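The listed protein sequences correspond, in order, to chains A and B.
Just so we're aligned, residue 1 is where the first sequence starts under full-length UniProt numbering, counting upward by one.
Just so we're aligned, residue 1 is where the second sequence starts under full-length UniProt numbering, counting upward by one.
Number of protein chains: 2
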Amino acid sequence: MPFDPQTLSYNDAGLIPCIAQEDATGEVLMMAWMNAEAVARTLETGRVTYWSRSRASFWVKGETSGHVQELVELRVDCDSDCLLALVRQTGPACHTGRRSCFYTAVRDGEPVEIAAPVA
Amino acid sequence: MPFDPQTLSYNDAGLIPCIAQEDATGEVLMMAWMNAEAVARTLETGRVTYWSRSRASFWVKGETSGHVQELVELRVDCDSDCLLALVRQTGPACHTGRRSCFYTAVRDGEPVEIAAPVA
């Protein structure tokens, strides 16, 4: 039975969260949103494609920056309401130039920056 | 400057997604939602605490099952609209008995179960 993106559970805006994880290292890079068409395009092209809520348009990750995410494998959670994309990330995933968007840790009750821009 | 959960960006329902990742292995276990009070309780108690949308109540992960998530570190993303909790997971994180909720992979266009229940 082929996988059908329409069978996923989307929120009221027609979106599902997708976590991007670096396949080689396990590092969680970012979380962004997809609609059913973005899921389909990601699987078809092998280039991770989100839906940009701010721009209301498809967002082929790295299309302008070159910081592409090559899909290694897409996974679905038990409730079909969250996706995990294993990827090979070129350059930084974060728009701040950091490898991961999760570069702020809470340590001893204070926010601490734990990663610097790489590019 | 102390970290203030109120400074995070919540959705219209007052919730923020939180990804739980096993600290020792990097495995992404699950994604669930927190409100500001759940974030505060997680940091105060060291027990990862979500907001259950279906039950409309706090959900101390593992409180009834024993499959607790001990917080190792909480991280915030660049837009302050997603959290990453590094945890030590006791037993399975998934209610199906699997270690991770992301046990369905899309391979060659078909959904494939890649993990069996461990408990």
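Virtual Cβ for every residue (Gly too), placed ideally from N, Cα, C.
Just so you know, these numbers come straight off a predicted model, no measurement behind them.
- In this structure the segment 94-103 of chain A does not lie against the segment 69-83 of chain A, because fewer than three pairs of beta carbons, one per stretch, are closer than 8 Å.
- Put simply, the backbone Cα of L29 of chain A is about 6 Å away from that of A93 of chain A.
- Residue burial annotation: A38 of chain A is buried, with at least 16 other C-beta atoms found within 10 angstroms of its C-beta.
- Looking from the CA of M1 of chain A, the closest CA among B:D4, B:A116, B:G109, B:G46 belongs to B:G109.
- Non-local C-beta neighbours of C82 of chain A in its own chain, meaning closer than 6 Å and more than five positions away in sequence, comprise P17, ordered along the chain.
- Take M34 of chain B, set aside five residues on each side of it, and the residues of its chain with a beta-carbon closer than 6 Å to its own are I16, C18, Y50, W51, in chain order.
- In the DSSP assignment, A40 of chain B falls within the unbroken alpha helix (DSSP H) covering 36-45.
- For the segment 21-42 of chain A, the residues whose beta carbon sits under 8 Å from a beta carbon of chain B are, in order, Q21, T25, G26, E27, V28, M30, M31.
- Under a criterion of Cβ atoms nearer than 7 Å, the residues of chain A adjacent to F3 of chain B are, in order, V106, G109, E110, P111.
- In this structure, the straight-line span from the alpha carbon of T25 of chain B to that of A115 of chain B is close to 16 Å.
- Around the beta carbon of V112 of chain A, fewer than 16 other beta carbons lie within 10 angstroms, which makes this residue exposed.
- Taking G14 of chain A as reference, the option from A:E22, A:A20, A:Q21, A:P5 with the minimal CA-CA separation is A:P5.
- Contacts with chain B at 8 Å (Cβ-Cβ) include P17 of chain A.
- For T90 of chain A, the secondary structure class from DSSP, reduced to helix, strand or coil, is coil.
- T25 of chain B has no beta-bridge partner at all, per DSSP.
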